[in-house]
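For reference, the structure is listed below as structure tokens.
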DNA sequence: GATAATAATAGTAATTATTACTATTAATGG
DNA sequence: CCATTAATAGTAATAATTACTATTATTATC
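Here you go:
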């Protein structure tokens, strides 16, 4: 609701990078411009940005969450060892099989081991408990 | 390596359910048969089973990991509110667009909001640091 | 521009999931 | 059966994230 310096800085930082940083990485970055910003503020604002459609949380194969200012659906390449996330360069209408082809991922330098496909939604129980705002 | 009672019980528990339980949920379940089993043992064995191809770790939209004894690639439906995971009933060769169609997910009762596609692999840095055993 | 209301912040404490540690137990090979 | 040692139970430590609280700063209104 309020446009604080901290919030603007955090969003700007997220938009300037393609590295899908963790909360702590964002924190380290924004501290260069605002040395006494609080880590709690970074977490709170990343959540705020996600809940307002300005960023997205990414489930990696590591232990911490990463954030992405690109909110449109797109494919990620994730390292199952260190949790690193890169954007895959794919066109629309790609099939899971096509994704596995080396020519689609060679540029990343990754050794591809699999594709993960998940459908996201809201389960019956949560629909009852918390009716969706997009379908009143 | 050793087939302990605990390890067998944990795998059995994971294979008996389709609910993709968390480590704590597995712990609560196996305690019915072995009341003084340790939570650390559950975590250690779930990791062991995953690293030996007998189970899989699932990144949900919640804060804790879930486990699945089905190791073949398959599509999950994940609740973005509570992190619940269900198996999607889909045939092979499905495209991301097809996945979104209501007829493919109606049985789940979920309100579908998106599809998440990630390519999994090992990044160049981790390949150097930790050479893959499947490609010596 | 000054002022009032209050959302957001900094700093700290608390929580929670997971991992590490260590003495003891039990599975396996000989 | 016995020796070896991987695995365990129980506890402590770690690490990511969230909660709390007094203070600050943004925004709407005058």
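Chains as they are written, first to last, in my numbering: chain G, 1126 to 1261; chain F, 1126 to 1261.
The beta-carbon is built from N, C-alpha and C at its ideal position, and this holds for glycine as well.
Just so you know, these numbers come straight off a predicted model, no measurement behind them.
Residue i: which of the options sits nearest, CA to CA?
i: residue 1199 of chain G; options: F/1126, F/1130, F/1157 and F/1239; result: F/1239
i: residue 1271 of chain G; options: F/1126, F/1253 and F/1129; result: Nothing about residue 1271 of chain G can be reported from this structure: the residues present for chain G run from 1126 to 1261 only.
i: residue 1201 of chain F; options: F/1158, F/1215 and F/1128; result: F/1215
i: residue 1233 of chain F; options: F/1136, F/1160, F/1244 and F/1144; result: F/1144
i: residue 1189 of chain G; options: G/1235, G/1146, G/1174 and G/1226; result: G/1146
i: residue 1251 of chain F; options: G/1237, G/1243, G/1138 and G/1244; result: G/1237
i: residue 1131 of chain G; options: G/1220, G/1157 and G/1162; result: G/1162
i: residue 1129 of chain F; options: F/1213, F/1152, F/1142 and F/1166; result: F/1166
i: residue 1231 of chain G; options: F/1248, F/1135 and F/1243; result: F/1248
i: residue 1212 of chain F; options: G/1209, G/1211 and G/1245; result: G/1245
i: residue 1209 of chain G; options: F/1243, F/1196, F/1191 and F/1226; result: F/1243
i: residue 1139 of chain G; options: G/1195, G/1225 and G/1204; result: G/1195
i: residue 1191 of chain G; options: G/1168, G/1220, G/1137 and G/1227; result: G/1168
Could you list which residues in chain G have their beta carbon closer than 7 Å to that of residue i, in chain order?
i: residue 1213 of chain F; result: 1244
i: residue 1204 of chain F; result: 1246, 1247, 1248 and 1251
Run through DSSP, which three-state label would residue i get?
i: residue 1165 of chain F; result: helix
i: residue 1143 of chain G; result: coil
i: residue 1260 of chain F; result: Note that residue 1260 of chain F scores 34 on pLDDT, short of 50, meaning its location in the model is unreliable; the coordinates nonetheless yield the value given after this. Residue 1260 of chain F: coil per DSSP, three-state reduction.
i: residue 1240 of chain F; result: strand
i: residue 1133 of chain G; result: helix
i: residue 1187 of chain G; result: coil
i: residue 1159 of chain F; result: coil
i: residue 1204 of chain G; result: strand
i: residue 1171 of chain F; result: helix
i: residue 1149 of chain G; result: helix
i: residue 1179 of chain G; result: coil
i: residue 1127 of chain G; result: coil
Closer than 9 Å by beta-carbon distance: list the chain G residues that pair up with residue i, in chain order.
i: residue 1201 of chain F; result: 1241, 1242, 1243 and 1244
i: residue 1224 of chain F; result: 1242 and 1244
i: residue 1253 of chain F; result: None at all; the shortest Cβ gap to chain G is about 11 Å.
i: residue 1230 of chain F; result: 1244 and 1246
Nearest-angstrom Cα distance between residue i and residue j?
i: residue 1193 of chain G; j: residue 1150 of chain G; result: 12 Å
i: residue 1185 of chain G; j: residue 1187 of chain F; result: 12 Å
i: residue 1235 of chain F; j: residue 1180 of chain G; result: 24 Å
i: residue 1156 of chain G; j: residue 1126 of chain G; result: 23 Å
i: residue 1175 of chain F; j: residue 1159 of chain G; result: 42 Å
i: residue 1229 of chain F; j: residue 1223 of chain F; result: 8 Å
i: residue 1171 of chain F; j: residue 1133 of chain F; result: 11 Å
i: residue 1241 of chain F; j: residue 1225 of chain F; result: 11 Å
i: residue 1142 of chain G; j: residue 1204 of chain G; result: 18 Å
i: residue 1173 of chain G; j: residue 1135 of chain G; result: 11 Å
i: residue 1259 of chain F; j: residue 1227 of chain F; result: Since pLDDT at residue 1259 of chain F reaches only 37, below the 50 mark, its modelled position is unreliable, and the value read off the structure follows with that caveat. Computed Cα separation, rounded: 39 Å.
i: residue 1164 of chain F; j: residue 1153 of chain F; result: 9 Å
i: residue 1177 of chain F; j: residue 1148 of chain F; result: 17 Å
i: residue 1262 of chain G; j: residue 1197 of chain F; result: This structure gives no information on residue 1262 of chain G, because the portion of chain G shown stretches from 1126 to 1261.
i: residue 1220 of chain G; j: residue 1183 of chain G; result: 21 Å
Output, in chain order, the set of chain G residues within a Cβ distance shorter than 8 Å of residue i.
i: residue 1249 of chain F; result: 1234 and 1235
i: residue 1153 of chain F; result: Those do not exist, as residue 1153 of chain F stays about 19 Å from chain G at its closest Cβ, beyond 8 Å.
i: residue 1265 of chain F; result: Outside the shown range of chain F, which is 1126 to 1261, sits residue 1265 of chain F, and nothing can be said about it.
So residue i contacts chain F; which residues on that side make the cut at Cβ distance below 7 Å?
i: residue 1149 of chain G; result: By Cβ distance, chain F contributes nothing, its closest Cβ being about 16 Å from residue 1149 of chain G, past 7 Å.
i: residue 1209 of chain G; result: 1248
Going along chain F, which residues have a C-beta under 9 Å from residue i?
i: residue 1198 of chain G; result: 1221, 1239, 1240, 1241 and 1242
When every heavy atom of the ligand FMN is checked, does at least one fall within less than 6 Å of the C-beta of residue i?
i: residue 1150 of chain F; result: In the structure shown, the ligand FMN is absent, as is every other ligand, since no ligand is present at all.
Whose Cβ in chain F lies nearer than 8 Å to the Cβ of residue i?
i: residue 1185 of chain G; result: 1184
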